[in-house]
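Everything below concerns the one structure shown next.
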Amino acid sequence: MTSIVSKPWGSYEVLEHQDEYSIKRIIVKSGGKLSLQSHKYRSEHWVIVKGEAEVTLNETTISLTSNESIFIPQNAKHRLANNKQDDLIVIEVWYGETLDENDIIRYEDIYNRS
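Residues 564 to 677 in the numbering used here are what the sequence shown lists, from first letter to last.
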C-alpha cells in the first residue's frame, strides 16, 4: 500500500520501489516550486502527465507540457515548478545506487528547508 506524502509545494506518492529504481507520482500545486537541488547517487527521468512544468536543469530553464519528458543526470542542479493555475502532475523515475530522500543537496529553497 502506498501513501501520499504532503510537502509545502504539493505532494508525492511512491508507486513502486525496487532496489534499482523507484517510481513516483508528483503533484505540484499552483505556485509550487521544489528546491533547487542535486543528487549524488541517482539520476531522474520526469514525464509531464498533466499541466505545464517550468524545469531548471543546471543553467537552463525550459517549459514542458503533457507528454514531454526530460532526463536529470546525477549531480545536475535541477528544479521543478508550477507557475500555472492548475495542478502539475509528473511521473518521476529514479535510477541509482541510493534511492532515498536523504540523497538531496539543496542550494535554494523558498520554504527554508535545510
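Positions of the beta carbon are idealized from the N, C-alpha and C atoms, including for glycine.
- Around the Cβ of arginine 676, a 10 Å sphere holds fewer than 16 other Cβ atoms; the residue is exposed.
- For glutamate 607, the three-state secondary structure derived from DSSP is strand.
- The residues Ser601, Leu620 and Asn621, in chain order, have a CB closer than 7 angstroms to that of alanine 639 in the same chain once the five nearest residues on each side in sequence are set aside.
- For serine 569, the enclosing beta strand (DSSP E) starts and ends at 567 to 570.
- Taking the Cα of isoleucine 611 as reference, the smallest distance to any Cα among Val568, Gln648, Ile590 and Thr623 is reached at Ile590.
- Considering only Lys613, Thr628 and Ile667, the residue with the shortest C-alpha distance to arginine 605 is Ile667.
- Taking each of Asp649, Leu651 and Leu643 in turn and checking the Cα distance to leucine 599, the smallest one comes out for Leu643.
- Using a Cβ distance threshold of 8 angstroms, valine 656 and isoleucine 567 do not count as a contacting pair.
- In this structure, glutamate 615 sits near lysine 647, with a CB-CB distance shorter than 8 angstroms.
- Distance between glutamate 660 and leucine 578, taken at the CA atoms: about 19 angstroms.
- In chain order, Glu615, Ala616, Glu617 and Val618 place their CB closer than 8 angstroms to the CB of serine 626, counting only its own chain and leaving out the 5 sequence neighbours on each side.
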